[in-house]
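>
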Amino acid sequence: MSVLLIAEHNNKEVKPFTLNAVTAASQMDQDLHVLVIGNKADEVAKSLSKVSNIKKVIHIDNEIYENYLAENFTPLIVKQSANYSHIVCSANTFGKNLMPRVSALLNTSQVSDIIKVISPDTFLRPIYAGNAFATVKSMDQKKCITIRPTSFDPAPSSGGSAEIVKEEPGESSPLLKFIKKEEVKSDRPELGTARVVISGGRGMQKAENFKLITAIADKLNAAVGASRAAVDAGYITNDHQVGQTGKVVVPDLYIAVGISGAIQHLAGMKESKVIVAINKDGEAPIFSVADYGLEADLFDALPQFLEELNKLNTIQK
Amino acid sequence: MKILVAVKRVIDYNVQVRVKEDNSGVVTENIKMSTNPPDDNAVEEAVKIKESGKVKEVIAVTVGEEKAQETVRKALAVGVDRGIHVKSEGILEPLAVSKILQKIVEKEKPDLVFMGKQAIDDDCNQTGQMLAALLNWPQATFASKIVVKDKSLEVTREIDEGLETIEVNIPSVITCDLRLNEPRYASLPNIMKAKKKPLEQINVADLGVDTKPRIEQIKVEEPPKRKSGIKVANVAELVQKLKNEAKVI
Ligand SMILES: Cc1cc2nc3c(=O)[nH]c(=O)nc-3n(C[C@H](O)[C@H](O)[C@H](O)COP(=O)(O)OP(=O)(O)OC[C@H]3O[C@@H](n4cnc5c(N)ncnc54)[C@H](O)[C@@H]3O)c2cc1C
Ligand SMILES: Nc1ncnc2c1ncn2[C@@H]1O[C@H](COP(=O)(O)O)[C@@H](O)[C@H]1O
């Protein structure tokens, strides 16, 4: 049997995490097909047809698919599912919203947020905010699986030449309507895929002080993250939140500034390769996961940090 | 209008969870249990809407062992009118819970179902969406703002890119984010009063739902530990280490 991956895209470009999902999906079965549901998303279908692991691209296009309404996407996926053993997508807000709806209609128990494919029916997934790892085996005939993108490398985006098959759209659900999306645009790298992430917490004290963080982010070509407390306090928007109920990041370098290190925050960053913590409380739990801990007042440390970076001849980008 | 709120009993979010030595699960004996945090937000929102006069009755439901009732009692103590406890033993997968909740919805005929966006024990993030699918209702997940209109709700959702606003017809299922509101605390008199509010018990077997597990939990392990790090004396040393030792900048 084959695997069907639901692509995430913005109708123009494939979202990078789709390529990580390709890697995970092709570990379940080599016969990997990708479903592109969108509005004028031909470029998306074309670019996916070039991904080497993908054997077939199914493209369904209509203006009703401009936005990700699960009520509109679900019937299409359920219809396609007849030919597949696994339905897969990323465990981000796109996939979390969509997949359970599909899974319930297929009467299968979804396996969420896997970090490893052990065999086509057995997976590793974190539970309790990553404080335990469960090995689970799905006994359902058809499997609905969401994957944690940061736990898989992105598949090479070239080398393939899959056929693109167009299929008919379905009906638009009368039960809801899309109103608006307030997307936060930034020139910095995306949080999920950045090589370096610098995050601020409640210790930043106010929104304005995030300047200290963004100045360093610009110098290191880093993405900016935050703790839930910083988002709740209105220092920064929700799309920056790292943690159990925010985003999971696995950068080469994660710098936590004025963040205590609650388990819910650690859940989103403790797999980072190198962790730096800057905190004035030497007992803060964040130090227990930090490779390099600096016990200091951030208002002294951050300007000095920038100054030291400025002294360097070269900085990796 | 009538709102049904689903509340789950989980290990308290402040507890450092430990894995059992035989790798069969995590230690739950003598551990503090609480309502799943976003379920408190779901309760709070339902009660607020009731206080605004737009809703007549709020019902809280939980599925689980005898002690799961505590979560319903807590909901009753902050303004929920009555409770339902569906008694069941052992682990229930979200698919099973959603089928049970579907039966309760068919019986109680609420206009809205409010739930948490994610249970912090299994971290599944599935049940609300599954229930919406089974009922063929629209869903608004990860809600951080809800505006009640005549025949619909306008819901702001927290998504990876920022915020999205959708309008869902009533009836619908809403899953709540922690940022939706600030849950209130129950006062002692209200906790006492809640003891007199009706709490119906239903045996899961009487609902005729297939709750057989579809996922076998083979083992539960500790995640790999990070090797311990060092403290640096000052910023210059930090930058030097990052450059020459870790080679990440
Ligand atoms: C269900 C649930 C889900 C959650 N999900 C998330 C999540 O996804 N992400 C998340 O981050 N949190 C999450 N939380 C919240 C989490 O429990 C913590 O409350 C939160 O992470 C704390 O944020 P913080 O570290 O910024 O704030 P605090 O814990 O208040 O820590 C602030 C830190 O800043 C330090 N500090 C203060 N001033 C200075 C200074 N001048 N210089 C240096 N250091 C200073 C202090 O020493 C302290 O350690 C969740 C909670 C629940 C219940
Ligand atoms: N056993 C249960 N009893 C009542 N509500 C539940 C139960 N399990 C899950 N829920 C609801 O479904 C939400 C999401 O849970 P989950 O899909 O397990 O992450 C929770 O926040 C609860 O509102």
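Residue numbers (the numbering used here), protein chains in the order written: chain A, -12 to 304; chain B, 2 to 250. Note that beta-carbon positions come from the ideal geometry of N, C-alpha and C, so glycine has one too.
Go through its chain and collect everything with a Cβ distance to Gln128 (chain A)'s Cβ below 8 Å, but skip five positions before and after it.
These residues qualify, in order along the chain: Ser72 and Thr95.
> For Asp16 (chain A), which residues in the same chain have their Cβ closer than 8 Å to its Cβ, ignoring the five residues on either side in sequence?
Cβ within range, chain order: Met(-12), Ser(-11), Val(-10), Ser72, His73 and Pro107.
> Could you work out which residues of chain B lie near Thr80 (chain A), taking near to mean beta carbons separated by less than 7 Å?
Simply Phe143, Ile160 and Asp161.
> Judging by CA-CA distance, which residue of A:Leu6, A:Lys167, A:Lys206 and A:Asn118 is the nearest neighbour of Asn297 (chain A)?
If we check each option's Cα against that of Asn297 (chain A), A:Lys206 comes out closest.
> For Arg180 (chain B), does the count of other Cβ atoms within 10 angstroms reach 16, so buried, or fall short, so exposed?
Answer is buried; the Cβ neighbour count reaches 16.
> Using DSSP with H/G/I as helix, E/B as strand and the rest coil, what is Ile246 (chain A)?
Here Ile246 (chain A) sits in coil by DSSP.
> Put Asp112 (chain B) into one of helix, strand or coil per three-state DSSP.
Correct three-state label for Asp112 (chain B): coil.
> Less than 8 Å between CB atoms is the rule here; does Gln303 (chain A) satisfy it with respect to chain B?
True, the Cβ-Cβ gap to chain B drops below 8 Å.
> Please say whether Ser13 (chain A) and Asn40 (chain A) have beta carbons closer to each other than 8 Å?
Closer than 8 Å, so yes.
> For Ser188 (chain B), count the other beta carbons within 10 Å of its own beta carbon; 16 or more makes it buried, fewer makes it exposed. Which is it?
Its Cβ having fewer than 16 others within 10 Å, Ser188 (chain B) is exposed.
> Considering Gly25 (chain A), what are the terminal residues of the beta strand (DSSP E) in which it resides?
First-last of the beta strand (DSSP E) with Gly25 (chain A): Leu19 to Gly25.
> Can you tell me whether Gln140 (chain B) is helix, strand or coil according to DSSP?
Three-state DSSP puts Gln140 (chain B) in a strand.
> What do you reckon, is the C-beta of Gln17 (chain B) under 7 Å from a heavy atom of ligand 4?
Here the bound small molecules are ligand 1 and ligand 2; ligand 4 is not part of this structure.
> Please confirm if Ala69 (chain A) has its CB atom under 8 Å from at least one CB of chain B.
No, no contact with chain B.
> Between the region 230 to 248 of chain B and the region 274 to 288 of chain A, can you find at least three pairs of beta-carbon atoms closer than 8 Å?
Yes, the region 274 to 288 of chain A is in contact with the region 230 to 248 of chain B.
> By Cβ distance, which residues of its chain are closer than 6 Å to Pro3 (chain A), with the 5 residues on each side in sequence left out?
Same-chain partners within the cutoff: Thr180.
> What residue range is occupied by the uninterrupted alpha helix (DSSP H) comprising Ile203 (chain A)?
Segment Phe197 to Leu207, the alpha helix (DSSP H) holding Ile203 (chain A).
> Give every residue of the same chain whose Cβ lies closer than 6 Å to the Cβ of Gln140 (chain B), excluding the five residues on either side of it in the sequence, and list them in chain order.
These residues qualify, in order along the chain: Gln130, Ala133 and Val174.
> Any idea if Arg175 (chain A) is buried or exposed, counting beta-carbon neighbours within 10 angstroms, 16 or more meaning buried?
Classification for Arg175 (chain A): exposed.
> I think Tyr241 (chain A) touches Ser214 (chain A), with their Cβ atoms under 8 Å apart; what is that distance to the nearest whole Å?
The pair is not a contact, with the Cβ atoms about 12 Å apart (cut-off 8 Å).
> Between Val244 (chain A) and Ile185 (chain A), which are expected to be in contact by the criterion C-beta below 8 Å, what is the C-beta distance as a whole number of angstroms?
About 7 Å separates the two Cβ atoms, so the contact holds.
> Contact check, Ala204 (chain A) vs Val211 (chain A) under 8 Å by CB: the rounded distance?
With 8 Å as the limit, Ala204 (chain A) and Val211 (chain A) qualify as a contact, their Cβ atoms being about 5 Å apart.
> What residues of chain A sit near Ile101 (chain B), judged by a beta carbon separation below 8 Å?
Within 8 Å Cβ-Cβ: nothing; Ile101 (chain B) doesn't reach chain A, min ~13 Å.
> Taking the Cβ atom as the reference point for each residue, do Gln119 (chain B) and Pro95 (chain B) lie within a distance shorter than 8 Å?
Going by C-beta atoms, Gln119 (chain B) is not nearer than 8 Å to Pro95 (chain B).
> Tell me whether Pro184 (chain B) counts as near ligand 1, meaning its Cβ is closer than 7 Å to at least one heavy atom of that ligand.
Checking every heavy atom of ligand 1 against the Cβ of Pro184 (chain B), none is found closer than 7 Å.
> 8 Å is my cut-off, CB to CB: does Gln231 (chain A) come that close to chain B?
Yes - at least one Cβ of chain B is within 8 Å of the one on Gln231 (chain A).
> Under a three-way DSSP split, which group does Val106 (chain B) fall into?
Three-state DSSP puts Val106 (chain B) in a helix.
> In chain A, which residues lie with their C-beta within 8 Å of the C-beta of Thr29 (chain B)?
The premise fails here: Thr29 (chain B) is roughly 11 Å from chain A at the closest Cβ pair, so nothing lies under 8 Å.
> Determine which residues of the region 113 to 124 of chain A have a Cβ less than 8 Å from any Cβ of chain B, and write them out in chain order.
The region 113 to 124 of chain A vs chain B, Cβ under 8 Å: Pro113, Ile114, Tyr115, Ala116, Gly117, Asn118, Ala119, Phe120, Ala121, Thr122, Val123 and Lys124.
> Assuming Glu223 (chain B) and Val20 (chain B) make a contact with CB atoms under 8 Å, what is their CB distance in whole Å?
That pair is a contact at about 5 Å.
> Mind checking which residues open and close the alpha helix (DSSP H) that includes Thr36 (chain B)?
Looking at the DSSP string, Thr36 (chain B) is not in any alpha helix (DSSP H); the run it does join, the beta strand (DSSP E), is Met34 to Thr36.
> Would you give the residue range spanned by the alpha helix (DSSP H) that Pro113 (chain A) belongs to?
Run containing Pro113 (chain A): none in the alpha helix (DSSP H); it sits in the beta strand (DSSP E), Thr109 to Ile114.
> Indicate the three-state DSSP secondary structure (helix, strand or coil) for Gln291 (chain A) in the structure shown.
Note: Gln291 (chain A) maps to helix in three-state DSSP.
> Determine the contact status of Lys88 (chain B) and Ile171 (chain B), defining contact as a CB-CB distance below 8 Å.
In this structure, Ile171 (chain B) does not lie closer than 8 Å to Lys88 (chain B) by Cβ.
> Do we get a CB-CB distance below 8 Å when we pair Lys33 (chain B) with the residues of chain A?
Chain A contact via Cβ: absent.
> Please report how far the alpha carbon of Asp100 (chain A) lies from the alpha carbon of Asp207 (chain B), in whole angstroms.
Roughly 33 Å between the two C-alpha positions.
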